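Engineer:
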Amino acid sequence: MEYQGFITKGSVPFDPLELARETEKLCIKSSSRKYTNFYCTGVYGGISTGYLVGCCLRCVFCWVSFSRDFPDKYGKFFTPEEIFERLVSNARKAKVKKLRVSGGEPTLGKAHLLRLLDLVEDTNFFFVLETNGILLGKEPEYVRALKKYRNLYVRVSIKAGTPEGFERRTGGKGEFYELPYLAVETLKREDLYFRVAPMSDSRLMPKEERREMIRKLKEIGYKDYLEEETCDPYDTSVKRLRKAGFSIF
23 MEYQGFITKG SVPFDPLELA RETEKLCIKS SSRKYTNFYC TGVYGGISTG
73 YLVGCCLRCV FCWVSFSRDF PDKYGKFFTP EEIFERLVSN ARKAKVKKLR
123 VSGGEPTLGK AHLLRLLDLV EDTNFFFVLE TNGILLGKEP EYVRALKKYR
173 NLYVRVSIKA GTPEGFERRT GGKGEFYELP YLAVETLKRE DLYFRVAPMS
223 DSRLMPKEER REMIRKLKEI GYKDYLEEET CDPYDTSVKR LRKAGFSIF
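In the working numbering, the protein residues as written are 23 to 271.
1. Thr30 and Lys265 - do their beta-carbons sit closer together than 8 angstroms?
2. Under 8 angstroms by Cβ, that's how I've got Leu135 and Pro93 pegged, so tell me the actual separation to the nearest angstrom.
3. Could you spell out the range, first to last residue, of the alpha helix (DSSP H) harbouring Thr192?
4. What does a CB cutoff of less than 6 angstroms around Arg108 pick up in its chain, not counting 5 residues either side in sequence?
5. Using 10 angstroms around the beta-carbon of Arg225, count the other beta-carbons present and answer buried if the total reaches 16, otherwise exposed.
6. Alpha carbons only, please: which of Phe216, Glu250 and Ser53 is nearest the one belonging to Met227?
7. Along the alpha helix (DSSP H) that carries Phe106, what are the first and last residues, could you check?
8. Over what stretch of residues does the alpha helix (DSSP H) that includes Leu209 continue unbroken?
9. Taking only three categories from DSSP, how would you classify Phe99?
10. Helix, strand or coil for Tyr164 per DSSP?
11. When you compare only the Cα positions, how much space is there between Thr71 and Thr63?
12. Looking at Ile180 and Pro162, is the spacing between their C-beta atoms short of 8 angstroms?
13. Between Ser222, Val218 and Glu197, which has its C-alpha nearest Ala182's C-alpha?
14. What are the boundary residues of the alpha helix (DSSP H) that Ser259 is part of?
15. Do you know how far the Cα of Gly32 is from the Cα of Gly267?
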């Protein structure tokens with residue numbers, strides 16, 4: 023199977039779980055994972071970030087580098103211990119108390135993430151887990167494994183409110199669009215600290231689809247604040263949108 027790069031107008035929808043497995047073959051080696059950079063940024067009030075490689079969706083609005091689409095060409099492998107040391111070192115220099123890994127899907131490579139969280143647990147740092155919810159929706163036991171971490175905040179990105187919207191904007195087959203909702207349902211049931219952050223920009227998600235998204239969230243018991251996102255004109259976002267046939271800028 024040819025590895026799935028960014029989607030174009032003629033792209034055939036893919037299985038995101040299969041893409042997750044194929045991506046892990048390229049980005050995960052034992053408990054090590056590929057990263058390209060380490061830095062601090064002002065979001066979340068200041069956060070130390072490890073920029074990792076690899077994702078199981080191909081969202082047209084995504085801002086991250088093309089390491090997402092070509093993970094074989096980018097990054098070096100780091101152990102969880104090495105990542106922890108770099109995150110904490112940068113956090114202390116910048117005098118921030120939050121940590122995250124971004125630039126891809128952090129739940130790929132479960133052993134790597136859980137070991138990293140084990141290390142963070144013994145500190146006073148707070149870890150932000152940004153996820154598309156695909157693997158957490160598929161594996162409720164993965165969510166339960168996260169439950170023990172007291173200083174963890176999970177931010178679930180909802181990409182669509184319908185199968186058609188999911189296919190059009192993520193490249194994944196529409197039959198998988200409910201997995202992030204299942205992740206939200208399990209996170210709520212297991213009483214983890216989390217929020218939902220939908221990409222509900224009206225230039226991408228029609229009003230009717232947004233209403234359906236909200237209805238589905240209420241149906242599974244989520245009535246908290248929605249951290250709704252808009253699409254910004256990053257170079258990578260603009261290129262991906264144009265390749266997929268979108269013109270919003």
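Where is the CB? At the ideal position from N, CA and C, for every residue including glycine. Note that the structure is a prediction, hence the values are computed from the model and not measured.
Structural biologist: Concretely, from the data shown:
1. yes
2. So it is not a contact: roughly 16 angstroms between Cβ atoms.
3. Pro185 to Thr192
4. Residues of the same chain with a CB within less than 6 angstroms of the CB of Arg108, apart from the 5 flanking positions on each side, are Phe60 in chain order.
5. Label assigned to Arg225: exposed.
6. Glu250
7. Pro102 to Ala116
8. Leu201 to Arg211
9. strand
10. Note: Tyr164 maps to helix in three-state DSSP.
11. 7 angstroms
12. no
13. Ser222
14. Asp257 to Lys265
15. 9 angstroms
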